[in-house]
Amino acid sequence: MSALRFLYAAYIATWAIHSVYLVSVVRRFRRLHQQMKELGKPGK
Amino acid sequence: MKRAFPILSVLTAILLIYGLYQALVVAPTERTMGDVQRIFYYHVPSAWTAFCLFFVNLIASVVYLARKNLKADALAVASAEVGVVFCTIVLVTGPIWARPVWGIWWTWDVRLTTTLVLWLIYVSYLVLRRFSDSAQTPVLAAVLAIFGALDVPLVYFSIWFFRTQHPQPVMGKGGSLDPRMLHAFLVNLLAFSCFGAMVCWARYRLERLRRDVEEAEALESLLGPEGLSSQTSKGRAPLNRGPQ
Amino acid sequence: MSSLWTITLATLTKDIRLEWRSKDSLNAMLFFSLLVVVIFSFSFDPTAEESRQIAGGLVWVAFLFASVVALNQTWARELRNQVLDAYRVSPAPANSLFLAKALGNFILVTVLEALMAPLFIVFYNLRALGPAWQLIPVGVLGTWALVVNGTFFAAMSLRTRSREIMLPLLLFPISIPAIQGMVESTRILLAGDGSARFWIVLLLTYDVVFTTACLALFETVLLAE
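Protein chains in written order, with our numbering: chain A, -13 to 30; chain B, 573 to 816; chain C, 3 to 227.
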């Protein structure tokens, strides 16, 4: 049934968007932790 | 607080999986629209979560304007950004639902169109935040949030009246509501609300961390790295504060 | 209260006098408005029946773009001469500055509309089949809706990067109910298709709500810059 592909498209799109966003949040966290560590090192 | 996050994340994930199972397997197929109607179990909870997050943004903005509380401002940023994500999902799943059911991609449905305008307002909010470098960005953003909130009822009424003049299909539950459907809907509503709250919390912590790093960098450029570590030993600088 | 109006009027007359002395930007805006009308006429065939039906919407969209050009230069003179700092420390109420700017913009945009409207009427053969006098409150309320928020957002955009694009970016989403009001009431009045009363009341409500909001929050924004 062709209508089913719309159903799957909607569910996949939802999780695709959430995944992209969560990955960006995690990446930003990692970058900030890295920056924080570098600040701790004296004589940069 | 620190240990609660992973536990709650796991609980939320379980809820989401249970919700998916309810939506795709347990809930009966709707009579008029068929299986495509199951998009409803994702579309409406996402809208609800988005609106809640935007409401949180409004409250946080007002609190910031009244008290200049920086934590409130961080929450405002977080709730706006996560709200836009959920709102995007509403605007994407809406047309995907409309196309097979009514043959058109977009219906000028009151709720969907109001969601579109809300999305536009909050995207402009995020753009303002990004393009405004001054220290007073939080104030400007908070003012914009208030303007947005004042606008929403006007948007709703103008579209509602327009629709009574130009009738179009209504996106909504439509047709029968079997108790199993209601159960699937409520599970997903709870699951997405929790999910939204968790992501917002994470984004809030990210924002606080970003500000801490900025502050530490500013201190370092003022005092030099040795001065910075001497500040640390006095327990002042944020270096020893990990994520909470 | 009288000092609010005195200062407002003084600032307004100063602005008008300055604008009149160097007519460059005014002439440029007038020419831009003319260009907008011509481009629209080429894009939306005036001889087609459908175009005449959407002419109400076209007119207001054209006004919207012309007014953005006018609104973008609202604070340009103040920025160039560091006038805003003087305002911040002066005892003059911030609202008198805002009202003066908003009223000045209102006059400016009305002048632009007075040029564009006759051209639209001519190109699109427009005739009001409904009560034409109602177009006046629509015009006044609609223009004020754009100008009051536009002046406010222009002030908010002052310290942002890409200031000129920031203004329409902030203004357009918030203005959607007002734009719908302007367009629908104009369409109804031109086509004689029912009553425009709801839309005129909506425009009035919009104007009251946002004028109040702008007056309440302008000082916050001015001090924030």
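Backbone N, C-alpha and C fix where the C-beta goes; we use that ideal spot for every residue, glycine too.
Being a predicted model, the structure only gives us computed values, none of them experimental.
- Looking at the DSSP output, B:GLY606 shares a beta bridge with B:GLU602.
- By the C-beta criterion, the region 32 to 49 of chain C is judged not to be in contact with the region 92 to 101 of chain C, since fewer than 3 inter-stretch pairs fall below 8 Å.
- Look at C:THR162 here: in three-state DSSP terms it is strand.
- Within its own chain, the residues whose Cβ lies closer than 6 Å to the Cβ of B:LEU637, once the five positions on either side in sequence are excluded, are ALA714, listed in chain order.
- In this structure the region 146 to 166 of chain C does not lie against the region 9 to 26 of chain C, because fewer than three pairs of beta carbons, one per stretch, are closer than 8 Å.
- For B:SER706, the secondary structure class from DSSP, reduced to helix, strand or coil, is coil.
- B:VAL742 carries a coil assignment under DSSP once its states are collapsed to helix, strand and coil.
- Residue contact check for B:TYR694 against chain A: no CB pair falls below 8 Å.
- Per DSSP, C:THR49 is not a residue of any alpha helix (DSSP H), being assigned neither H nor E.
- In the structure shown, B:GLY675 adopts coil according to DSSP, grouped into three states.
- Listed along chain C are PRO175, ILE176, SER177, ILE178, PRO179, TYR208, VAL211 and PHE212, each with a C-beta nearer than 9 Å to that of B:ASP723.
- C:SER5 and C:LEU114 have their C-alpha atoms some 31 Å from each other.
- Nearest CB-CB separation between B:LEU688 and chain A: not below the 8 Å threshold.
- What C:ALA215 touches in chain B, judged by beta-carbon distance under 9 Å, is VAL715, ILE718, PHE719 and LEU722, going in chain order.
- For C:ASN127, the secondary structure class from DSSP, reduced to helix, strand or coil, is coil.
- If you check the CB distance, A:PHE(-8) and B:ARG671 come in under 8 Å.
- Pairwise C-beta distances place the region 749 to 761 of chain B in contact with the region 589 to 601 of chain B, as three or more of them are shorter than 8 Å.
- Nearest to C:ILE176 by C-alpha distance, out of B:LEU688, B:ALA648 and B:TRP680, is B:LEU688.
- Going by beta carbons, B:LEU684 and B:PHE658 fall outside the 8 Å limit.
- Around C:ASP17, the same chain offers GLY106 as residues with beta carbons nearer than 6 Å, after the five sequence neighbours per side are excluded.
- C:LEU172 and B:LEU580 do not touch by the CB rule: their CB atoms are close to 36 Å apart, not below 8 Å.
- For C:ASP87, the uninterrupted alpha helix (DSSP H) run begins and ends at 85 to 91, by DSSP.
- For C:LEU204, the enclosing alpha helix (DSSP H) stretches over residues 199 to 226.
- Against C:ALA78, chain B offers no close residue; the least beta-carbon distance is about 18 Å (beta-carbon pairs closer than 9 Å).
- With a beta-carbon spacing of about 18 Å, A:LEU25 and B:GLU779 fall beyond the 8 Å limit used to define contacts.
- For a Cβ distance threshold of 7 Å, residue set ILE178 and PRO179 of chain C lies close to B:VAL727, ordered along the chain.
- The Cβ atoms of C:PHE220 and C:PHE154 lie closer than 8 Å to each other.
- In the three-state reduction of the DSSP assignment, C:ALA94 falls in the coil class.
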